[in-house]
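So the structure is just underneath, and the comments pick up after that.
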């Protein structure tokens, strides 16, 4: 058993993160995550215009399914990609692939061609998001890890704010193809920066491993089933979610017995805290998908304009970014333990407040309360992410285990998002046909799920403390220096 010793991050500030030596790598890492996050919301805003232009309304749902499943697949190949090609080549491949997928989508004459572009985007975006958490260990000193993790977490919120705005502006102008072109140009600029700044030799110190194909197929099929379940109705939704759960269960069983695994073997065996750290991250990512329906509730219940409702949908991410930034510099162990538990508690309380404020004919004060409640809820996600992710990065000094553990962060988030979106759709349907009932069902059930994160966080902290205590006990004693 091994553990990573604690590093002193108390003197690392935001100025250090954007210092001369670290600025460019940080921009590359954050830019990859931002492309992923922005692309999701840009595409959602543009789809009605695209379908009016090239047709394919019957394939509407597959624009997200193709992207998501491809992202899940590539996120699981991050470790092998780094081991074989290194950080620079891996990032170049990710950015250039994303640019190519965006170009295909921009020029697509039919919906099937657009889906090809979306799949290529997904493969590249999943790789870029996964690389960010892994390459941090290679290009930044340990004292900057926590700040950089906070920045990466904030990028999801930034993408959620600017994505709908960018997509909405181009949709209003009738220029949906140009929006994909802008994404392609952004990816090309980041690829140029990556080629100039990332070290070619930075790679995992292990040889490429065999790909766990069967486990990969099970989990990808589960993600596909749940993604489809989020856009069908009635019995089909329940069946597809059930199939997805069975496939994920099969994935876990396969992982427990396989010699080549997607996540580190310690996730399923022994007393490693990694399973609980992943569980804490999954809860946060799962509940964050409530934002999908916030604009709908804003328009239908509050009578808000499309722009106002879009801003309401971004409120959760504003809180997420705020929580990440404010807590990124917290390093005292006693405080970080409290923050990790307070994160899901704050998320749950914020959603309970939001659900309680859902009333017929709300006034301006109540609507302002919606914004406040969602910012509070989002801050809970941000504060917890800022500390749970670094704990996964430090679970082991073994390079292979640490690399797979960090790549598993992104994989866990993607799967949780797929299941969260599907579950949100089911709750909205069950709470209907009244939109107010749907808002109550989704808010209160997701608040309960968030509060489940409290005992999970406590269990993870206790497991982590025992793990590192045992690791310290197993270390050989230091030999005193001779006088």
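Numbering (UniProt numbering), first residue to last: 1 to 483. Glycine included, every Cβ here is placed at the ideal spot set by N, Cα and C. None of these values were measured; they are calculated from a predicted model.
Spatial neighbours of residue 218 in its chain, beta-carbon cut-off 8 angstroms, leaving aside the 5 residues before and after:
For this step, residue 218 is matched to residue 218 along the chain shown. Taken in chain order, the residues that qualify are 247, 248, 250, 251, 254.
Residue range of the alpha helix (DSSP H) that includes residue 295:
Residue numbering aside, residue 295 sits at position 295 when the chain shown is read from its first letter. Going by DSSP, residue 295 is part of the alpha helix (DSSP H) stretching over 294 to 300.
Straight-line CA distance for residue 275 to residue 417?
Mapped onto the chain shown, residue 275 falls at position 275. Mapped onto the chain shown, residue 417 falls at position 417. In a straight line, the C-alpha of residue 275 is about 18 angstroms away from that of residue 417.
Between which two residues does the alpha helix (DSSP H) carrying residue 387 extend?
Looking up residue 387 in the chain shown gives position 387. Bounds of the alpha helix (DSSP H) holding residue 387 are 364 to 393.
C-beta atoms of residue 447 and residue 352 nearer than 8 angstroms:
If you number the chain shown from 1, residue 447 lands on position 447. If you number the chain shown from 1, residue 352 lands on position 352. Remark: C-beta atoms of residue 447 and residue 352 approach each other more closely than 8 angstroms.
Is the separation between the beta-carbon of residue 347 and that of residue 381 shorter than 8 angstroms?
Your numbering for residue 347 matches position 347 in the chain shown. Your numbering for residue 381 matches position 381 in the chain shown. Yes, they are a contact pair.
Pull up the distance between the alpha-carbon of residue 43 and that of residue 152, whole angstroms please.
Here residue 43 refers to the residue found at position 43 of the chain shown. Here residue 152 refers to the residue found at position 152 of the chain shown. If I take the Cα positions, the gap works out to 21 angstroms.
What does a CB cutoff of less than 7 angstroms around residue 325 pick up in its chain, not counting 5 residues either side in sequence?
Looking up residue 325 in the chain shown gives position 325. Around residue 325: 150, 154.
So residue 268 is in the alpha helix (DSSP H); what residue range does that whole segment cover?
One-based indexing of the chain shown puts residue 268 at position 268. Element bounds for residue 268: n/a, residue is neither H nor E.
Sort 54, 304, 160, 406 by Cα distance to residue 40 and report the nearest one.
Residue numbering aside, residue 40 sits at position 40 when the chain shown is read from its first letter. Comparing C-alpha distances from residue 40 to each of 54, 304, 160, 406 shows the shortest one belongs to 160.
Since residue 431 and residue 440 are thought to touch, with beta carbons under 8 angstroms apart, how far apart are those beta carbons, to the nearest angstrom?
Locating residue 431 in the chain shown gives position 431, counting from the first residue. Locating residue 440 in the chain shown gives position 440, counting from the first residue. Cβ-Cβ separation between residue 431 and residue 440: approximately 6 angstroms, consistent with a contact (criterion under 8 angstroms).
What are the boundary residues of the alpha helix (DSSP H) that residue 89 is part of?
Mapped onto the chain shown, residue 89 falls at position 89. Unbroken alpha helix (DSSP H) run through residue 89: 78 to 107.
Backbone CA spacing between residue 163 and residue 271 [nearest angstrom]
Mapped onto the chain shown, residue 163 falls at position 163. Mapped onto the chain shown, residue 271 falls at position 271. Approximately 41 angstroms between the Cα atoms of the pair.
Can you tell me the Cα-Cα spacing of residue 167 and residue 232, whole angstroms?
Start at 1 with the first residue of the chain shown, and residue 167 comes out as number 167. Start at 1 with the first residue of the chain shown, and residue 232 comes out as number 232. In a straight line, the C-alpha of residue 167 is about 25 angstroms away from that of residue 232.
Nearest-angstrom Cβ-Cβ length linking residue 229 and residue 241, presumed shorter than 8 angstroms:
Here residue 229 corresponds to residue number 229 of the chain shown, with the count starting at 1. Here residue 241 corresponds to residue number 241 of the chain shown, with the count starting at 1. Confirmed, Cβ separation roughly 5 angstroms.
Thinking C-beta only, is residue 123 closer than 8 angstroms to residue 506?
Given a span of 1 to 483 for the chain in the structure shown, any question on residue 506 remains unanswerable.
With the cut-off set at 8 angstroms, would you say residue 75 and residue 129 are in Cβ contact?
Sequence index remark: in the chain shown, residue 75 carries index 75 (1-based). Sequence index remark: in the chain shown, residue 129 carries index 129 (1-based). Yes, the pair counts as a contact, with Cβ atoms nearer than the cut-off.
On the premise that residue 45 lies in contact with residue 125, defined as a C-beta separation below 8 angstroms, what is that separation, rounded to the nearest angstrom?
Within the chain shown, the letter at position 125 stands for residue 125. Within the chain shown, the letter at position 45 stands for residue 45. About 17 angstroms; that fails the 8 angstroms criterion.
I need the straight-line Cα distance from residue 365 to residue 356, nearest angstrom please.
If you number the chain shown from 1, residue 365 lands on position 365. If you number the chain shown from 1, residue 356 lands on position 356. About 14 angstroms.
Can you list, in chain order, the residues of its chain whose CB lies under 8 angstroms from that of residue 386, leaving out five sequence neighbours each side?
Mapped onto the chain shown, residue 386 falls at position 386. Excluding residues within five positions, the ones whose Cβ falls inside 8 angstroms are 146, 149, 150, 153, 323, 324, 327, 328, 330, 339.
Reduced DSSP category for residue 175 - H, G, I as helix; E, B as strand; rest coil:
For this step, residue 175 is matched to residue 175 along the chain shown. In the displayed model, residue 175 falls within coil according to three-state DSSP, outside both helix and strand.
Using DSSP with H/G/I as helix, E/B as strand and the rest coil, what is residue 357?
Here residue 357 refers to the residue found at position 357 when the chain shown is read from its first residue. The three-state reading of DSSP puts residue 357 in coil, since its state is none of H, G, I, E or B.
8 angstroms contact criterion, which residue 99 and residue 184 should meet: CB distance rounded
By one-based count along the chain shown, residue 99 stands at place 99. By one-based count along the chain shown, residue 184 stands at place 184. With a contact defined as Cβ atoms closer than 8 angstroms, residue 99 and residue 184 qualify at about 4 angstroms.
I think residue 379 touches residue 313, with their Cβ atoms under 8 angstroms apart; what is that distance to the nearest whole Å?
For the purposes of this step, residue 379 is taken as the residue at position 379 of the chain shown. For the purposes of this step, residue 313 is taken as the residue at position 313 of the chain shown. The pair is not a contact, with the Cβ atoms about 16 angstroms apart (cut-off 8 angstroms).
So, using beta-carbon positions, are residue 181 and residue 111 closer together than 8 angstroms?
Sequence index remark: in the chain shown, residue 181 carries index 181 (1-based). Sequence index remark: in the chain shown, residue 111 carries index 111 (1-based). In terms of Cβ geometry, residue 181 and residue 111 do not form a close pair [threshold 8 angstroms].
Candidates 84, 80, 91: which alpha carbon is nearest residue 31's?
Here residue 31 refers to the residue found at position 31 of the chain shown. Checked all of 84, 80, 91; the closest Cα to residue 31 is 91.
Span separating the alpha-carbon of residue 170 from that of residue 47:
Here the question's residue 170 lines up with position 170 in the chain shown. Here the question's residue 47 lines up with position 47 in the chain shown. One C-alpha to the other measures close to 11 angstroms.
Would you call residue 411 buried or exposed, if buried means 16 or more other Cβ atoms sit within 10 Å of its Cβ?
Here residue 411 refers to the residue found at position 411 when the chain shown is read from its first residue. A buried status is given to residue 411, since no fewer than 16 other beta-carbon atoms sit within 10 Å of its beta-carbon.
Starting from residue 256, trace the alpha helix (DSSP H) both ways and give me its first and last residue.
In the chain shown, the residue the question calls residue 256 occupies position 256. Per DSSP, residue 256 belongs to the alpha helix (DSSP H) from 235 to 257.
Helix, strand or coil: which one does DSSP assign to residue 304?
Reading the chain shown from its first residue, position 304 is the one you call residue 304. Here residue 304 sits in coil by DSSP.
Spatial neighbours of residue 369 in its chain, beta-carbon cut-off 6 angstroms, leaving aside the 5 residues before and after:
Residue mapping note: residue 369 aligns to position 369 of the chain shown, counting from 1. The residues 357, in chain order, have a CB closer than 6 angstroms to that of residue 369 in the same chain once the five nearest residues on each side in sequence are set aside.
Who are the Cβ neighbours of residue 220 in its own chain at under 6 angstroms, not counting the five residues just before and after it?
Here residue 220 is taken as the residue at index 220 of the chain shown, counted from 1. Excluding residues within five positions, the ones whose Cβ falls inside 6 angstroms are 69, 72, 73.
For residue 311, which of helix, strand or coil comes out of DSSP?
In the chain shown, the residue the question calls residue 311 occupies position 311. Correct three-state label for residue 311: helix.
Excluding sequence positions up to five away, which residues of its chain have a Cβ less than 6 angstroms from the Cβ of residue 372?
Sequence index remark: in the chain shown, residue 372 carries index 372 (1-based). A distance below 6 angstroms between beta-carbons, with the five flanking residues on each side excluded, links residue 372 to no residue of its chain.
Between which two residues does the alpha helix (DSSP H) containing residue 286 stretch?
Within the chain shown, numbered from 1, the residue matching residue 286 stands at position 286. Annotation: the continuous alpha helix (DSSP H) that includes residue 286 extends over 274 to 288.
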